[in-house]
Every structure is written in structure tokens, then in C-alpha cells.
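There are 2 protein chains.
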Amino acid sequence: MTETRSRLRADAQRNVEGIRQAALDVFRLGGLNTPLDEVARAAGVSKGTIYHRFGGRQGLIDAVVTDLVAEYISGIMTSVEAITDPVERFESYLRKIWLLQYDEPASNDVLLRALPGSEPLTTLCEHASEFAGRLLGEAQATGRIRDDLTPDDLYLLIWERGIIARACDQQPRDGYQRRFEYTLSGLRTPSVASV
Amino acid sequence: MTETRSRLRADAQRNVEGIRQAALDVFRLGGLNTPLDEVARAAGVSKGTIYHRFGGRQGLIDAVVTDLVAEYISGIMTSVEAITDPVERFESYLRKIWLLQYDEPASNDVLLRALPGSEPLTTLCEHASEFAGRLLGEAQATGRIRDDLTPDDLYLLIWERGIIARACDQQPRDGYQRRFEYTLSGLRTPSVASV
DNA sequence: TCTTTACTTGACTCCATAGTCAAGAAATAT
DNA sequence: ATATTTCTTGACTATGGAGTCAAGTAAAGA
Numbered sequence: 001m002t003e004t005r006s007r008l009r010a011d012a013q014r015n016v017e018g019i020r021q022a023a024l025d026v027f028r029l030g031g032l033n034t035p036l037d038e039v040a041r042a043a044g045v046s047k048g049t050i051y052h053r054f055g056g057r058q059g060l061i062d063a064v065v066t067d068l069v070a071e072y073i074s075g076i077m078t079s080v081e082a083i084t085d086p087v088e089r090f091e092s093y094l095r096k097i098w099l100l101q102y103d104e105p106a107s108n109d110v111l112l113r114a115l116p117g118s119e120p121l122t123t124l125c126e127h128a129s130e131f132a133g134r135l136l137g138e139a140q141a142t143g144r145i146r147d148d149l150t151p152d153d154l155y156l157l158i159w160e161r162g163i164i165a166r167a168c169d170q171q172p173r174d175g176y177q178r179r180f181e182y183t184l185s186g187l188r189t190p191s192v193a194s195v
Numbered sequence: 196m197t198e199t200r201s202r203l204r205a206d207a208q209r210n211v212e213g214i215r216q217a218a219l220d221v222f223r224l225g226g227l228n229t230p231l232d233e234v235a236r237a238a239g240v241s242k243g244t245i246y247h248r249f250g251g252r253q254g255l256i257d258a259v260v261t262d263l264v265a266e267y268i269s270g271i272m273t274s275v276e277a278i279t280d281p282v283e284r285f286e287s288y289l290r291k292i293w294l295l296q297y298d299e300p301a302s303n304d305v306l307l308r309a310l311p312g313s314e315p316l317t318t319l320c321e322h323a324s325e326f327a328g329r330l331l332g333e334a335q336a337t338g339r340i341r342d343d344l345t346p347d348d349l350y351l352l353i354w355e356r357g358i359i360a361r362a363c364d365q366q367p368r369d370g371y372q373r374r375f376e377y378t379l380s381g382l383r384t385p386s387v388a389s390v
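Protein chains in written order, with our numbering: chain Y, 1 to 195; chain D, 196 to 390.
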């Protein structure tokens, strides 16, 4: 009855779904800047249709980014929650985020981006920031993590890692990992007897 | 007499000099990927002339890169040589290289090794690598720098920093500096009593 | 079935950059 | 002063991606 409001035509509906799916696949692999033609090709549709249905890259990202990213990030948060030692919990969080940035270009883009659109994503990011801030505070309370480290530093350390991950294309994963461990260990309170 | 061999015409000579100068200025400011049209404009010459005289970007870079970069790098090496404490010397070297990467986009491009050509530059880079390796070894001999750190790690830490510096455009210098200190401190031997 | 309306298409424009080249301009040689 | 040679130019092609739209196609409604 009243449900007929603004219903898409059958083919349009099919296409919207196809495009969403294609965008998920393509973005997952290549990040959020992959040319839209590739998405179109993957969806078996012309580029025009994407613009028509989603209004361009930003719209498409908005339509897809939550499915693409949210569960990774909240997954990390909950998985880390289980760790009891505050320092270990904090470090584990950072490690997982940093690996996510390497493994998932799209998630990395989200973590890097201004991403002005997409309200739920903004919420998620803020949530994650608060979470990270809390972990940091708790870890610092043990005295084993430097207390000159601010939540802002944390954000920027993640930003830097993202920039690196983006450029790492060819670099092997374990080298990336090996190197971020150095930074991680630099966040611990230095031993007192330093020259 | 025999000196007349392969002499450029007066205007050509003037242009070559003008272009070199312009390239120095423009590359210094914007790095080695600045559009050649900008160099041409700065030299008051058409793009075609640059291609004609230098054979393209690579040729132009070759003609300019030594003046643009060599003295910075060798300057750092000699200035650091004066420091007596091996650890301080090693760390000071890294700090200076990392700041150079922030301050001088062109030097950064060179350190990132976009440049297969240019023999003297390659030599310089190898020289610097050996130098850094030596500093590392000496610093490790004190026991105060982690001994699992390899010269290769060092190279990649510089590479990573360069990637960051490139993206840092808007970021303030002191934040950049602040953050690389964390990594630096992560290179020191950790205190024994860990967890 | 035919009409109406919603949808899709691909060819088009636009932008920024790399790189080329025929024709005109300028220096040099005589 | 003219012929010769060397240079320079700017308009041209090519690339790769964003974004648009008139015209054609297909679904829905009668």
C-alpha cells in the first residue's frame, strides 16, 4: 500500500546491489581511491550508472564503508578488551591497528582520511579514539609507558603508520612489523640509567 | 683551437645555465617531481627547450642533483664525525638525516631512491650507507643500542621517515621531530626488567 | 498490446601532466 | 649581406582519470 513510496525499478535495484558488492570487493583490495571504472567493470555496469545511483565516489564510499571497515575496527577493540595487563592491552591494540593498516587498504584510507562524510564512520572513529585514549591512560598508570605521550601523539603515530603502509606495496609484511616494533618499544618508559 | 669542439651556440649556452638554475630553485622547493612546465616558466623558456637540452626530467635531474643534494648529505656526515660518544654520534646522524628529509624535498627524493641514474649520486648514497653502518656498529658496541638492529633496518627506517616527510606537508616540524624521537628511543637497548 | 516513465549507456568534455616535432627565429660563418 | 646551421617554440599527441548528458532501452501500468 503506502509501501510503494520511492521504490526502485527492478533493474535499478539489481544494479545498486551489484555495484555495492563490486565496490566492496574492489575497494577492499585497492583502497578507496580505486578508479570508479574498475568498480563499474566489476559490477558489469557503466560508469554513468554509478554516478546516477550514488552520485560519485563519495556517495559510493558512504554506501559501503561501514560494511567495509566497521567490523574490523570494532573487532579489534573488543578482542583487545579481553587482555588484562594494561600495557599489553595498549600495545596489542596498536599492533592490531597497524597491521590492519597494512592488510586492508580501505580501512587504512578510513583511518587516514578526513572522511568528512559518513556520520556512522565518524562516530566509530571517535569511539576508537576515545578507546585508544583510555588504553593509553591505563597503560601510563602502570608507569611502564612514557607519560609524555598524548592521545594526539597516538593519533599521529597511527597516521604515520598509515602513510607508510600505503607506500609499502612491495615491502614484505614482516619487515613492516619488525620496524613498528621499534617505535612501539620507544613508547615504553626508558630505563632510568640513561647516560 | 681544438677547443671549438662541440661548443653550444651563445643563446643555447645561456638557456642551459638558466634552466639549471631554475631547476635548482624549483626542485629545491618542490622536490624532483615538480612538473617541468614550472621549471620552464621559471627559466623563461619553453618546455621543449628543456627536453631538447636535457632529454627530459631524468637528464635534468642528473644535471642538477649533485649541486642540489650532495653537500647536505656530506655536510651531515662530517658534522657528525666530530661527536665523540658513539651513541650520540649515531643518533645525531639519524636526527639530521630525518630533518633533512623534512626540510629538503629534493634530498628526500634522493634518499628514497627514485633515482637509478646518476652515478655520482649513487656513489654518495653508498658512501652514506657505509658510513651509517659504521656508526651503527660503533654505537652497538657500547651495548646501549639494540644489537638486533641491522644496517638494512636503518635504511628502511630512513625510507619510512622519507615517506612520512613527503606526506607531512601541512604537519608542523616540531611534531614530526617529537614523533621520530619515539622511534629513536626505540632503538636503544631496552631495560632488562621487562614485564 | 501500447504508452509512459525510469534507467542505462557510451561517447563526450575537462584537467593535468608527459612528451614530440615541423616551422620559424636567431646566431654564426663566409 | 647572405647562406648555413643551430635553437626555440608552441601547438600537437597521448594518458588516465573525473564527471556529464542526449539518446536509446527496458520495465511497469493501462
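By construction, the Cβ of each residue, glycine as well, lies at the ideal position given by its N, Cα and C atoms.
Kindly indicate the opening and closing residues of the alpha helix (DSSP H) around residue i.
{"i": "G270/D", "result": "E266 to E276"}
{"i": "T183/Y", "result": "R173 to G186"}
{"i": "S208/Y", "result": "For residue 208/Y there is no data in the structure shown, the boundaries of chain Y being 1 and 195."}
{"i": "V64/Y", "result": "R57 to V65"}
{"i": "S129/Y", "result": "E119 to A141"}
{"i": "G243/D", "result": "K242 to F249"}
{"i": "R356/D", "result": "P346 to A362"}
{"i": "L224/D", "result": "A205 to G225"}
{"i": "L36/Y", "result": "L36 to A43"}
Taking just the CA atoms, how far does residue j sit from residue i?
{"i": "F131/Y", "j": "W98/Y", "result": "16 Å"}
{"i": "G241/D", "j": "G213/D", "result": "The residue you asked about is not Gly; residue 241/D is Ser in the sequence shown. Spanning the two alpha carbons is a distance of roughly 12 Å."}
{"i": "D232/D", "j": "Y246/D", "result": "11 Å"}
{"i": "I83/Y", "j": "Y93/Y", "result": "10 Å"}
{"i": "K96/Y", "j": "R14/Y", "result": "36 Å"}
{"i": "V221/D", "j": "Q372/D", "result": "25 Å"}
{"i": "G328/D", "j": "Y350/D", "result": "9 Å"}
{"i": "A141/Y", "j": "D147/Y", "result": "8 Å"}
{"i": "T348/D", "j": "P35/Y", "result": "In the sequence as displayed, the identity of residue 348/D is Asp instead of Thr. Approximately 34 Å, taken between the alpha carbons."}
{"i": "T378/D", "j": "P172/Y", "result": "20 Å"}
{"i": "L255/D", "j": "Y72/Y", "result": "47 Å"}
{"i": "G370/D", "j": "R188/Y", "result": "19 Å"}
{"i": "R223/D", "j": "G270/D", "result": "17 Å"}
{"i": "P385/D", "j": "S191/Y", "result": "7 Å"}
{"i": "R356/D", "j": "S274/D", "result": "21 Å"}
{"i": "G381/D", "j": "R144/Y", "result": "14 Å"}
Considering only the beta carbon of each residue, do residue i and residue j sit closer than 8 Å?
{"i": "P300/D", "j": "E333/D", "result": "no"}
{"i": "M272/D", "j": "A323/D", "result": "yes"}
{"i": "L330/D", "j": "F375/D", "result": "no"}
{"i": "R308/D", "j": "V259/D", "result": "no"}
{"i": "Y102/Y", "j": "A165/Y", "result": "yes"}
{"i": "I158/Y", "j": "A362/D", "result": "no"}
{"i": "S313/D", "j": "D257/D", "result": "yes"}
{"i": "L219/D", "j": "V211/D", "result": "no"}
{"i": "T261/D", "j": "L306/D", "result": "no"}
{"i": "A265/D", "j": "A238/D", "result": "no"}
Task: Interface residues of the stretch 352-363 of chain D facing chain Y [CB-CB below 7 Å] - done: Of all residues in the stretch 352-363 of chain D, those with a C-beta nearer than 7 Å to a C-beta of chain Y are L352, E355, I358, I359 and A362, reading in chain order.
Worksheet entry | Near-chain Y residues of the stretch 288-311 of chain D - C-beta to any C-beta below 7 Å | Within the stretch 288-311 of chain D, no residue has a Cβ that lies closer than 7 Å to any Cβ of chain Y.
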